[in-house]
Amino acid sequence: SALAVNFLTGLPINSEENDTSPLTVHLRRVGSQVGNNVAKEENVEHYLIAYKHDSLIVGFLIPCSKPSMSTNIRSLGFYQALYDYLSTQIEGISNLLKEGNDHSRKTGADVDREYRYLFCNKLTLAVRSSIYSPVGKGLAINSEMAHVLCDLHEDMEKYQNLTEIYSRSSNNFWVVGKRHDGLELYVIVEKKDAKLAEVEEDVRRLTALYFSGIFMD
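Using the UniProt record's numbering, you'd call the opening residue of the sequence shown number 1 and step up by one each time.
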């Protein structure tokens with residue numbers, strides 16, 4: 001049926017041999033901090049429903065504590081109603097996401113011509129970098145830039161309380177280091193005679209594009 005094709009999780013299975021409980025995940029919720037009191041944390045259980053349309057997958061997280069959900073999540077009628085609703089909306093959602101993705105690609109290409117960045121996650125050892133991009137495509141990293149980048153990294157390691165450093169070379173390029181919760185980002189900006197405020201805006205632009213929600217001002 002169409003339901004079985006489109007719903008990747010959640011859809012109840014009628015066969016007793018293959019019967020499975022609805023898939024659940026736990027999300028951490030942090031309460032507001034009042035005065036010097038530590039903010040309360042709790043894990044909240046949610047049902048996970050995954051719906052597929054062509055190459056698009058949409059996930060729904062529904063609190064298990066929501067009234068009547070323990071019954072609805074096991075009801076075929078619930079999925080039929082959700083399918084009927086999504087069938088009228090999914091094309092519009094897909095088109096909006098495609099437009100946003102196309103715009104991000106174009107913006108990203110423009111950014112990559114002006115800057116180079118190196119992102120490190122010390123917790124997972126993941127690295128993302130545009131330092132070694134193809135020759136002729138945007139800013140080329142020379143030996144002096146690499147040297148300043150290494151020096152700035154050493155300063156970040158030496159002074160653990162630092163969360164942000166802006167360094168300007170004698171040859172009018174900037175190297176920026178940002179750190180947050182085990183994550184580090186280094187950005188090289190080649191803008192002659194640029195002021196600090198302009199470079200800060202450039203870095204904000206790049207972080208908003210590639211690292212939104214990670215490095216907050």
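Glycine included, each C-beta is placed from N, C-alpha and C at the ideal position.
With a beta-carbon spacing of about 5 Å, residue 94 and residue 56 fall inside the 8 Å limit used to define contacts. The C-beta separation of residue 186 from residue 115 comes to about 11 Å, leaving the pair out of contact by the 8 Å criterion. Comparing alpha-carbon positions, the option among 179, 167 and 180 lying closest to residue 199 turns out to be 167.
For residue 47, the uninterrupted beta strand (DSSP E) run begins and ends at 41-53, by DSSP.
A distance below 8 Å between beta-carbons, with the five flanking residues on each side excluded, links residue 206 to the following residues of its chain, in chain order: 111, 115, 117 and 187. Judged by DSSP secondary structure, residue 158 falls within the alpha helix (DSSP H) whose first and last residues are 143-158. Annotation for residue 72: 78 place their beta carbon closer than 6 Å to its own, counting only its chain and skipping 5 residues before and after.
Judged by pairs of C-beta atoms under 8 Å, the segment 172-181 touches the segment 146-153, as three or more such pairs exist.
Of the residues 195, 159, 11 and 132, the one whose Cα lies closest to the Cα of residue 172 is 195. With respect to residue 125, residue 182 sits apart: the two C-beta atoms are not nearer than 8 Å.
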